[in-house]
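K.L.:
In my numbering, the protein residues as written are 119 to 167. Glycine residues also receive a C-beta, built at the ideal position from the N, C-alpha and C atoms. My questions all concern the structure below.
Here it is, written out as structure tokens:
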């Protein structure tokens with residue numbers, strides 16, 4: 119029970135941080151995710167022949 123409460127507190131704290139930095143980080147995350155997807159597709163193409 120205590121572990122769950124601690125996890126919830128940590129989650130809330132992280133969520134507040136995320137919201138605070140959301141405006142700047144969202145663009146960065148989307149760009150990184152896009153690059154990641156492009157790399158995966160390129161690798162799949164090479165491996166798939």
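Less than 6 Å between C-beta atoms, sequence neighbours within five positions excluded: which residues of the same chain meet that for residue 130?
P.N.:
Taken in chain order, the list of residues that qualify is empty.
K.L.:
Would you kindly work out how many angstroms separate the C-alpha atoms of residue 166 and residue 152, rounded to a whole number?
P.N.:
21 Å
K.L.:
Measure the alpha-carbon distance for residue 157 versus residue 128 and round it to whole angstroms.
P.N.:
Their Cα atoms are separated by approximately 33 Å.
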